[in-house]
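> Its first residue numbered 1, the sequence shown is counted upward by one per residue in this note's numbering.
Ideal placement from N, C-alpha and C gives every residue a C-beta, glycine not left out.
The structure under discussion is supplied below as structure tokens; questions concerning it will follow.
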Amino acid sequence: MTIQRFETGPRMSQVVVHGNTVYLAGVVAGKAAGKSVTEQTQDILAIIDGHLAKAGTDKSKLLSATIYITDMKTFPEMNAAWDGWVSAGNTPARATVEAKLAAPQYNVEIMVVAAK
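Written out as structure tokens, the structure is:
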């Protein structure tokens, strides 16, 4: 079975496709870095949409999601953005964890796995 990698660097690939499974690296905000949790989450979800499209799939085929937030007090704010984006009836298995992220401008990081 072949493995496809997209946006590959010396440390990691943003997207890896193996068979009919698509794995995304943890995604943080691009344009919304340092902004509100809502804005960061919306930015991340747009990036995820783009990565999934590159791999030939979309959010309706999500299998699992792991969400890292820096403060559980922002959980409702992140959930509001997530709920507005996720495909109704196709919600993935999901975990949300409070964690210190790699840089202070990031308050949310999301990693997903999807079927192709």
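#1: Determine the extent of the alpha helix (DSSP H) in which VAL37 is found, giving its start and end residues.
#2: May I ask you to list the residues that DSSP assigns as paired with ARG5?
#3: Can you check whether the CB of ASN107 is closer than 8 Å to the CB of THR66?
#4: On the CB-based measure, 16 or more other CB atoms within 10 Å of its CB, does GLU109 come out buried or exposed?
#5: Going by DSSP in three states, SER87 sits in which element: helix, strand or coil?
#6: State the CB to CB distance for the pair VAL27 and ILE48, rounded to an integer number of angstroms; the pair is presumed to be in contact (CB under 8 Å).
#7: Just to confirm the assignment, what range does the beta strand (DSSP E) spanning LEU63 have?
#8: Are the CB atoms of SER64 and PRO104 within a distance shorter than 8 Å?
#9: Buried or exposed for ALA88, please, with buried defined as at least 16 other CB atoms from any protein chain shown within 10 angstroms of its CB.
#10: Could you give the distance in angstroms between the alpha-carbon of ARG11 and the alpha-carbon of TYR23?
#11: With DSSP run on the structure shown, which of helix, strand or coil describes ALA95?
For this structure:
#1: 37-54
#2: VAL16
#3: no
#4: buried
#5: coil
#6: That pair is a contact at about 6 Å.
#7: 62-69
#8: no
#9: Counting C-beta atoms within 10 angstroms of its own C-beta, ALA88 has fewer than 16 neighbours from the protein chains shown and is therefore classed as exposed.
#10: In a straight line, the C-alpha of ARG11 is about 16 Å away from that of TYR23.
#11: strand
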